[in-house]
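K.L.:
Heads up: the sequence shown at position 47 corresponds to 437 in our numbering, and the numbers run straight through without jumps.
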Amino acid sequence: MRLRIDLAYDGGDFRGWAAQPGLRTVQGELTIALTTVLRVPEGSLQVTCAGRTDAGVHARGQVVHVDVPEDPEEGSPAAARYLTQLDVLVRRVNGFLPRDVRVRRITPAPEGFDARFAALWRRYAYRIVDDPARVDPLTRNHVLAWPRELDVAAMDEAAASLVGLHDFAAFCKQREGATTIRTLLAFGWTRSDDGLLTGHVQADAFCHSMVRALVGCMVAIGEGRKDPAWAREILTGRRRDPGVVVVAAHGLTLEEVAYPADADLAARVELTSARRTGVGESGDHE
């Protein structure tokens, strides 16, 4: 039985999503908790996420799937029992997880569901405070404190110029054999009444460090060191520019992942998989 798990985490003390030997990761902690509660053999569960967040990046809307044997003889009696009591499973898993990871819900995945390949888009938010009087020590692990005032209108103008289907090689950490072509569905900046700047970034997928490089470009424009047209120049150059700084991870949060209607899941998985055949790892992470 395939389960969909919606979870949130504070990424500050994790070395990213993906399990790594000897390192604390979100995938590692979740896998340990599920294996313990379901009483299945170690290594028998494969937890797949929608977007592999990098070290220090947070998530409110991460989505994963995991396949659990329904047959007590094939898996375990505990697993078979919990599959009929998913609300109890949520409580039990959260009881084993560290406090910086929380499972919000566990539901039976519809036929054809794949947390990674069925996703239509991922949406991130990057938060910045640029007024020393408004810097809050209580949010220091989730909001970037910037020492100079930023022009949010210029940043928003520059961001809009990058929306669309492009090769984002200039904003990605290159991986051999991996494509850097992405569809940026939305990118904009707002300033709330309390002075908080938020960059909203939505795409079909992201390559390594893409969002933080995009934000670094916007910050240079917001400071007035570059004009809004510079962002488009960087994009069309298709090479990393030393003027684009990859900003700190702690200001970034995965907010939401969207999926098609249940009847369209299988077709979405097939389409996404076909697009990525022959171009290496998809890099659907940040």
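Even glycine gets a Cβ: it sits at the ideal position worked out from N, Cα and C.
Among residues of its own chain, excluding the 5 on either side of R512, which ones have a beta-carbon nearer than 6 Å to its beta-carbon?
P.N.:
Counting only Cβ-Cβ distances below 6 Å, and skipping sequence neighbours, we find G441 and V647.
K.L.:
Would DSSP call E671 helix, strand or coil?
P.N.:
Because the pLDDT at E671 is just 43, under 50, the model does not fix this residue reliably, and the value given afterwards should be weighed accordingly. Coil.
K.L.:
Could you tell me which uninterrupted alpha helix (DSSP H) segments, each at least 4 residues in length, are contained entirely in the region 596-644, listed from first to last along the chain?
P.N.:
With a minimum length of 4 residues, the continuous alpha helix (DSSP H) runs that stay inside the region 596-644 are 600-612 and 619-627.
K.L.:
For D526, which residues from the same chain have a beta carbon less than 7 Å from its beta carbon, with the 5 sequence-adjacent residues on both sides left out?
P.N.:
Closer than 7 Å at the Cβ level, and outside the excluded window around D526, lies no residue.
K.L.:
By the three-class DSSP mapping on this structure, what secondary structure does R429 have?
P.N.:
Coil at R429, not helix or strand.
K.L.:
From the DSSP secondary-structure annotation, give me the bridge partner or partners of L587.
P.N.:
DSSP output for L587 lists I518 and R581 as bridge partner(s).
K.L.:
To test your reading of the DSSP string, which unbroken beta strand (DSSP E) runs of 3 or more residues are found completely within the region 519-575?
P.N.:
List check, beta strand (DSSP E) in window: 554-557.
K.L.:
Would you call the region 501-519 and the region 400-412 touching, i.e. three or more CB-CB distances under 8 Å?
P.N.:
They do not touch, by the three-pair rule.
K.L.:
Counting Cβ pairs closer than 8 Å, one from the region 497-504 and one from the region 407-425, do we hit at least three?
P.N.:
Contact between the region 497-504 and the region 407-425 is absent, because fewer than three Cβ pairs lie under 8 Å.
K.L.:
Should G485 be labelled buried (16 or more other beta-carbon atoms within 10 Å of its own) or exposed?
P.N.:
Answer is exposed; the Cβ neighbour count stays below 16.
K.L.:
Buried or exposed: where does A639 fall if 16 or more other Cβ atoms within 10 Å of its Cβ makes it buried?
P.N.:
With 16 or more Cβ atoms within 10 Å of its Cβ, A639 is classed as buried.
K.L.:
Hey, would you say T662 sits closer than 8 Å to F558, going by beta carbons?
P.N.:
The answer is no: Cβ separation not under 8 Å.
K.L.:
Classify D403 as helix, strand or coil using the three-state DSSP reduction.
P.N.:
Correct three-state label for D403: helix.
K.L.:
Going by DSSP, what residue range makes up the alpha helix (DSSP H) through A449?
P.N.:
Unbroken run through A449 is the beta strand (DSSP E), H448 to D457; no alpha helix (DSSP H).
K.L.:
Would you give the residue range spanned by the alpha helix (DSSP H) that V483 belongs to?
P.N.:
Its alpha helix (DSSP H) spans residues L476 to F486.
K.L.:
Apply the 10 Å Cβ neighbour rule to P618 and answer buried if 16 or more other Cβ atoms are within range, or exposed otherwise.
P.N.:
P618 comes out buried.
K.L.:
Could you tell me whether the Cβ atoms of R489 and L397 are closer together than 8 Å?
P.N.:
Their beta carbons are not under 8 Å apart, which means R489 does not touch L397 by this criterion.
K.L.:
Check whether the Cβ atoms of L473 and V458 lie closer than 8 Å to each other.
P.N.:
Yes, these two residues count as a Cβ contact at 8 Å.
K.L.:
Since A468 and L428 should fall inside the 8 Å C-beta cutoff, what is the C-beta to C-beta distance between them, to a whole number of angstroms?
P.N.:
Indeed, because the Cβ distance is near 6 Å, the residues count as touching under 8 Å.
K.L.:
If I measure Cβ to Cβ from R628 and keep anything under 6 Å in the same chain, skipping five residues before and after, which residues do I get?
P.N.:
Only D557, A559 and A560 meet the Cβ criterion.
K.L.:
Output the distance between the C-alpha atoms of A656 and V453, rounded to the nearest integer angstrom.
P.N.:
So the alpha carbons of these two residues sit roughly 17 Å apart.
K.L.:
Rounded to the nearest angstrom, how far is the Cβ of G612 from that of V542, given a contact under 8 Å?
P.N.:
That belief holds up - the Cβ atoms of G612 and V542 are roughly 7 Å apart, short of 8 Å.
K.L.:
Please determine, among V483, H590, A568 and L420, the residue with the shortest C-alpha to C-alpha distance to T438.
P.N.:
Nearest C-alpha to T438: L420.
K.L.:
Nearest to P498 by CA position, among C597, R471, K563 and L393, is which residue?
P.N.:
The residue with the shortest Cα to Cα distance from P498 is L393.
K.L.:
Closest to G589 by CA distance: which of R538, I518 and S551 is it?
P.N.:
Nearest of R538, I518 and S551 to G589, Cα basis: I518.
K.L.:
Closest to D444 by C-alpha separation, out of V533, E539, S599 and A610, would be which residue?
P.N.:
Considering only alpha carbons, the answer is S599.
K.L.:
Over what stretch of residues does the alpha helix (DSSP H) that includes R489 continue unbroken?
P.N.:
Premise fails: R489 is in no alpha helix (DSSP H) and is neither H nor E.
K.L.:
Within 10 Å of its beta-carbon, does T667 have 16 or more other beta-carbons around it, so buried, or fewer, so exposed?
P.N.:
Since pLDDT at T667 reaches only 45, below the 50 mark, its modelled position is unreliable, and the value read off the structure follows with that caveat. Burial call: exposed.
K.L.:
Could you tell me the alpha carbon to alpha carbon distance between K616 and R658, rounded to whole angstroms?
P.N.:
Near 40 Å, if we compare the C-alpha coordinates of R658 and K616.
K.L.:
Please state whether DSSP places P411 in a helix, a strand or coil.
P.N.:
Note: P411 maps to coil in three-state DSSP.
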